[in-house]
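Everything below concerns the one structure shown next.
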Amino acid sequence: MKTLDLKDSIGLMLKRSAKSWERAADIELTERFGLTGGKWKIIVGLSIKEGITQKHLADMMFVEAPTLVSVIDRMEKDGFLTRKSDPEDRRNNLIFLTKKAKKIVDPIIDCIAELRDIGLDKISKKDLEITKKTLMQINANSEEFIREKGKKTDPDIWTNPENKSQKTLVKV
Numbered sequence: 202m203k204t205l206d207l208k209d210s211i212g213l214m215l216k217r218s219a220k221s222w223e224r225a226a227d228i229e230l231t232e233r234f235g236l237t238g239g240k241w242k243i244i245v246g247l248s249i250k251e252g253i254t255q256k257h258l259a260d261m262m263f264v265e266a267p268t269l270v271s272v273i274d275r276m277e278k279d280g281f282l283t284r285k286s287d288p289e290d291r292r293n294n295l296i297f298l299t300k301k302a303k304k305i306v307d308p309i310i311d312c313i314a315e316l317r318d319i320g321l322d323k324i325s326k327k328d329l330e331i332t333k334k335t336l337m338q339i340n341a342n343s344e345e346f347i348r349e350k351g352k353k354t355d356p357d358i359w360t361n362p363e364n365k366s367q368k369t370l371v372k373v
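Written out as structure tokens, the structure is:
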């Protein structure tokens, strides 16, 4: 029987690194702003492009749209978001940040930058550039495989250079 040495799995290393960073961000942003459960990601996402549908926001968060329903409800109740009927399609609501949320966007981004610097401490610029290039290639390879199987890839609305409506929040 074949065995798989999971401690050398690049996929698990990537997932673990991402989860660790996300956990650190959740802890720090909960302490500083009371934003639990990734609510800060919704605020940051909407600061890039607000007035979008729940589906578009879900794509930005890499989750399914129904997953966001209760979080959006809670954030609206807490005064961070408002919903307005889409004039082009009344079946949809467009989601906007409130003044309360807009006031904390810059401090959230500063916090994320601090956490990024902690995570990248003791990593040379050269190693970081190699890592970014390698990760981009892993992503490209995986997406090519997905397309070859006739499936759709996730929309790349964070880093797609074709998307002119996006702005850079924190440059690594």
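Under this note's numbering, the residues of the sequence shown are numbered 202 to 373, in order.
No residue lacks a Cβ here, since even glycine has one placed at the ideal position from N, Cα and C.
Between Gly-246 and Leu-258, the beta carbon gap of about 6 Å places them in contact (Cβ cut-off 8 Å).
Secondary structure at Phe-263: coil, using DSSP grouped into helix, strand and coil. Taking 8 Å as the cut-off, the beta carbon of Gly-252 is found closer than this to the beta carbon of Phe-297. Per DSSP, Leu-282 is one residue of the beta strand (DSSP E) stretching across 282-286.
Per DSSP, Ile-296 is not a residue of any alpha helix (DSSP H); the beta strand (DSSP E) it occupies stretches across 294-298.
By the neighbour-count definition (other C-beta atoms within 10 Å, threshold 16), Lys-203 is an exposed residue.
In the same chain as Gly-320, and ignoring 5 residues on each side of it, the C-beta atoms closer than 7 Å to its own belong to Trp-222, in chain order.
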